[in-house]
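Numbering of the sequence shown is given in UniProt numbering, commencing with residue 1 and proceeding in unit increments. Built from N, CA and C at the ideal position, the CB exists for glycine as well. The structure appears right after this line, and notes come after that.
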Amino acid sequence: MCLVLPSTGYLSVYRFCFEVGLKFIDSMVFHIYALCSARRFHRFQNVHIPLWARGKNTVKQPVCIHDLARGIVNSLHNPESLGQIYEAVGPHRYRLDDLVKWIYFICRYLPSEVYVTSMTPLFLARTYIYERVSPNYSHLTFERLERESATDILSGCPTLDDLNVKLSKLEDHINHIVFLYRRQHFYWDALGEFPEPPPPPIQFQ
Numbered sequence: 001m002c003l004v005l006p007s008t009g010y011l012s013v014y015r016f017c018f019e020v021g022l023k024f025i026d027s028m029v030f031h032i033y034a035l036c037s038a039r040r041f042h043r044f045q046n047v048h049i050p051l052w053a054r055g056k057n058t059v060k061q062p063v064c065i066h067d068l069a070r071g072i073v074n075s076l077h078n079p080e081s082l083g084q085i086y087e088a089v090g091p092h093r094y095r096l097d098d099l100v101k102w103i104y105f106i107c108r109y110l111p112s113e114v115y116v117t118s119m120t121p122l123f124l125a126r127t128y129i130y131e132r133v134s135p136n137y138s139h140l141t142f143e144r145l146e147r148e149s150a151t152d153i154l155s156g157c158p159t160l161d162d163l164n165v166k167l168s169k170l171e172d173h174i175n176h177i178v179f180l181y182r183r184q185h186f187y188w189d190a191l192g193e194f195p196e197p198p199p200p201p202i203q204f205q
């Protein structure tokens with residue numbers, strides 16, 4: 001039997017199931033339904049992302065992993081690649097704060113829930129503690145903060161274009177990359193239920 005549950009709230013679903021004669025309702029069903037409601041957001045779900053200079057002074061040029069793999073394969077078959085240094089970058093450049101917020105919007109976060117902040121002394125102290133407690137497997141280190149805060153600048157070396165690699169746009173693959181990291185990823189939304197966020201503006205400098 002297929003039932004269409006009402007979208008007016010948790011108690012309405014329970015009352016509806018009682019009226020149609022369902023004797024046993026798994027509590028997990030109600031739990032999942034409550035989580036899947038697109039409007040059940042509260043203040044504890046806000047995300048604060050500390051970035052150096054709020055990400056406004058950092059420009060990234062992300063490259064797709066399959067383009068990098070294709071470039072490695074092509075370089076192995078190219079005799080002129082011997083001793084060459086290739087710079088693997090994507091076709092477009094984005095400001096870091098725009099790129100981070102775009103990823104969160106794709107993961108079903110609202111613009112009012114995503115805050116890009118500066119690196120406060122409390123955050124730097126937490127980074128120091130994480131680096132000392134778990135030096136081998138820490139996901140938060142000063143080395144990583146420095147690497148992620150650096151702008152991608154080309155030095156003039158050959159790129160993937162010189163290896164005959166057709167670069168893929170991030171806009172064409174971002175949904176597949178962050179699919180499992182979406183909020184309530186177990187919920188299969190209807191077509192148009194969550195609006196598609198526009199891609200970040202491209203930087204030309």
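Discussion item. If distances are taken between C-alpha atoms only, which option among Y86, E148 and H176 comes closest to A53?
Written reply: For the purposes of this step, residue 53 is taken as the residue at position 53 of the sequence shown. Of Y86, E148 and H176, the residue nearest in Cα terms is E148.
Worksheet entry | G55 beta carbon less than 8 Å from that of V116 | For the purposes of this step, residue 116 is identified with residue 116 of the sequence shown, where counting begins at 1. For the purposes of this step, residue 55 is identified with residue 55 of the sequence shown, where counting begins at 1. Yes, the Cβ-Cβ distance between V116 and G55 is below 8 Å.
Discussion item. By the DSSP assignment, the beta strand (DSSP E) with I49 in it spans what residues?
Written reply: One-based indexing of the sequence shown puts residue 49 at position 49. From DSSP, the beta strand (DSSP E) with I49 extends over V47 to P50.
Item to complete: Write down the C-beta distance between I177 and V100 rounded to the nearest angstrom, noting that I regard them as a contact closer than 8 Å.
Response: Locating residue 177 in the sequence shown gives position 177, counting from the first residue. Locating residue 100 in the sequence shown gives position 100, counting from the first residue. Not really, about 14 Å apart at Cβ, beyond 8 Å.
Worksheet item: Which value, in whole angstroms, describes the spacing of the CA atoms of G156 and L145?
Response: Within the sequence shown, the letter at position 156 stands for residue 156. Within the sequence shown, the letter at position 145 stands for residue 145. Roughly 25 Å between the two C-alpha positions.
Worksheet item: Whose C-beta lies closer than 6 Å to the C-beta of L124 among residues of the same chain, with five residues either side of it excluded?
Response: Locating residue 124 in the sequence shown gives position 124, where the first residue counts as 1. Within the same chain, L124 has no close Cβ partners at all.
Fill in: Which of helix, strand or coil DSSP assigns to Y86
As a first step, residue 86 is located in the sequence shown; it is residue number 86 there, counting from the start. Coil at Y86, not helix or strand.
Worksheet entry | Assumed close pair D162, V89 - CB separation to whole angstroms, cut-off 8 Å | Working through the sequence shown from its first residue, we reach residue 162 at position 162. Working through the sequence shown from its first residue, we reach residue 89 at position 89. Actually they do not touch by this definition, with Cβ atoms about 12 Å apart.
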